[in-house]
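Remarks on the structure that follows.
Residue numbers (our numbering): 100 to 617.
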């Protein structure tokens, strides 16, 4: 197993290791609750409160899981071997590089920051992917304030030092901007009163609206709240380059370029592929892709013994139109060349299991009986269709296909799903639980992975949050913030971190945030 993030830990926690020899390789020896990283940047939550040592997690399993603190350098799918290098202090004696052989490889290494080759981003921007990133941001914020209060600085220099720019209007960028605003106005202006009028926060986003993956009501509320809070939202702006003191942007609507002085820039947009994953993709003829492509069972395409989960992979969902003839032939039991409603009902359950887009299409069309798909075919009075009518009934379902978001929720569900597959593998060889194989006959051993969206939150500062929950339900306000507290506390990976996080929230309510640089 490569990685100790959401996908890997979810897989390890649910895996029955009595049948497997498990080895874990990761450059970090802990699991981090990444949704709380914006809170770490401002001291709302301490860094150690959101991390759990990976050895604490694996020791709870009844069996032996070996952990190696190392980075994967290369995957050799022919010899079924990975090359690793230790990330422990290189001055300690011993060989740093070693190889591990595998029968099955689970790639759950996450992703790295994508700079889109924008000049200066790597050298002059902060990122928010790891705990160390959050700690660096926190120190830089304090540095900016300490520098701004020094004597003999001009007002313009103070204003530049205290201008914080966030690039990216997604959930991470918006939450960080909100956390920073609260940190500044609830804590830092009391400690640095002489420079409180020089502080400003800008959010730069290339899209037309921030939080564009959320419901339009949430996006609009967030923009209005930020405007009231004094956070400058620059939508429709693309970053051209970044220097140590200037960020250059282009406004798409006018074509004009602008240079904005800054004290700190946080880059929170886009994800990129890790080098060893890129190399692996080249070996298996996926070199022109952005991330690893897998099938619906999370197997890497072209490599049956390798699985990929989380941010480093995407599921290549099969289009139903590709198998439409085989499905029709399997359903046409009497070889009449037409399908009756009863014949269609015999295969629809397998169709829905095999092609998740059909279920989404039924929901969006408010069709509670799958047989109603046939009724949508124009002129279908006899309640039966030929192959062309069958294509017409199902071809629109492929329009519901879309890539899964790169979120902790998706990664955790994928890890739990793959663990289940490994747990029941022996049983499913003789008693398959998956849908029918329409082309070759028989059944798939497992059901394909099916993502269940449980909702998403967007904390907006000032003890207010927005939530988008299943059923087109949107909640905004203070009560939603308390719902966010309760759910994020319950989702902690251990009771230890749960107590620490709740304790940090309580401490912040009573004493405020800590502004010391440690």
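Ideal placement from N, C-alpha and C gives every residue a C-beta, glycine not left out. Since the model is a prediction, treat every value here as computed from it, not as a measurement.
{"Asked": "State the DSSP-derived secondary structure class of residue 295, mapped to helix, strand or coil.", "Found": "helix"}
{"Asked": "Going by other Cβ atoms of all chains shown within 10 Å of its Cβ, with 16 needed for buried, is residue 478 buried or exposed?", "Found": "Low local confidence applies: a pLDDT of 49 at residue 478 is under 50, so the model's placement there is unreliable, with the coordinate-based value given in what follows. Exposed: under 16 other Cβ atoms inside 10 Å."}
{"Asked": "Per DSSP, which one or two residues make a beta bridge with residue 358?", "Found": "347"}
{"Asked": "Does the Cβ of residue 281 have 16 or more other Cβ atoms within 10 Å, making it buried, or fewer, making it exposed?", "Found": "buried"}
{"Asked": "As a quick exercise: from 275, 105 and 114, pick the residue whose alpha carbon is nearest that of residue 522.", "Found": "114"}
{"Asked": "Among 488, 352 and 118, which residue has its Cα nearest to the Cα of residue 525?", "Found": "118"}
{"Asked": "Can you tell me which of the three DSSP states residue 190 falls into?", "Found": "coil"}
{"Asked": "Between which two residues does the alpha helix (DSSP H) holding residue 277 run?", "Found": "270-282"}
{"Asked": "What span of residues does the beta strand (DSSP E) with residue 494 cover, start to end?", "Found": "First-last for residue 494: 486-494, but that is the alpha helix (DSSP H), not the beta strand (DSSP E)."}
{"Asked": "Given a cut-off of 8 Å, decide if residue 266 and residue 110 are closer than it, judged by their beta-carbon atoms.", "Found": "no"}
{"Asked": "Does the structure place the segment 124-141 close enough to the segment 538-548 that three or more beta carbon pairs sit under 8 Å?", "Found": "no"}
{"Asked": "As a quick exercise: from 592, 585 and 238, pick the residue whose alpha carbon is nearest that of residue 604.", "Found": "585"}
{"Asked": "Does the structure place the segment 298-307 close enough to the segment 392-400 that three or more beta carbon pairs sit under 8 Å?", "Found": "no"}
{"Asked": "Could you say which of 270, 147 and 189 lies nearest to residue 566 if we only look at CA atoms?", "Found": "270"}
{"Asked": "Using beta-carbon positions only, say whether residue 264 and residue 364 come within less than 8 Å of one another.", "Found": "yes"}
{"Asked": "Kindly give me the distance between the Cβ atoms of residue 425 and residue 442, rounded to whole angstroms, as I take these residues to be in contact under 8 Å.", "Found": "In fact, because the Cβ distance is near 15 Å, the residues do not count as touching under 8 Å."}
{"Asked": "Rounding to the nearest angstrom, what Cα-Cα distance links residue 123 and residue 436 in this structure?", "Found": "54 Å"}
{"Asked": "When you compare only the Cα positions, how much space is there between residue 112 and residue 155?", "Found": "11 Å"}
{"Asked": "For residue 168, does the three-state DSSP call read helix, strand or coil?", "Found": "strand"}
{"Asked": "According to DSSP, simplified to helix, strand and coil, what is residue 532?", "Found": "coil"}
{"Asked": "Taking residue 276 as the reference, give the member of 325, 247 and 305 with the closest Cα.", "Found": "325"}
{"Asked": "Could you please give the first and the last residue of the uninterrupted beta strand (DSSP E) stretch that includes residue 352?", "Found": "Where residue 352 is concerned, there is no enclosing beta strand (DSSP E), given that its DSSP letter is neither H nor E."}
{"Asked": "Is the separation between the beta-carbon of residue 388 and that of residue 211 shorter than 8 Å?", "Found": "no"}
{"Asked": "Mark residue 286 as exposed unless 16 or more other C-beta atoms lie within 10 angstroms of its C-beta, in which case mark it buried.", "Found": "buried"}
{"Asked": "Is residue 243 helix, strand or coil by DSSP?", "Found": "helix"}
{"Asked": "Any idea what DSSP makes of residue 396, helix, strand or coil?", "Found": "coil"}
{"Asked": "By a C-beta neighbour count over all protein chains shown, 10 Å radius and 16 as the cutoff for buried, is residue 209 buried or exposed?", "Found": "buried"}
{"Asked": "Helix, strand or coil for residue 301 per DSSP?", "Found": "strand"}
{"Asked": "Hey, would you say residue 454 sits closer than 8 Å to residue 512, going by beta carbons?", "Found": "no"}
{"Asked": "Assuming the contact rule is C-beta atoms closer than 8 Å, residue 105 and residue 554 should be a hit. Round their C-beta distance to whole Å, please.", "Found": "Not really, about 17 Å apart at Cβ, beyond 8 Å."}
{"Asked": "Going by beta carbon distance, what residues of the same chain come within less than 6 Å of residue 500, once the five residues before and after it are set aside?", "Found": "416 and 456"}
{"Asked": "Cα separation between residue 438 and residue 427?", "Found": "8 Å"}
{"Asked": "When DSSP labels each residue in this structure, what does residue 375 get in the three-state scheme?", "Found": "helix"}
{"Asked": "Starting from the C-beta of residue 107, find all residues in its chain whose C-beta is less than 6 Å away, skip the five residues before and the five after it, and write them out in chain order.", "Found": "100 and 207"}
{"Asked": "Check whether the Cβ atoms of residue 157 and residue 164 sit closer than 8 Å, and answer yes or no.", "Found": "yes"}
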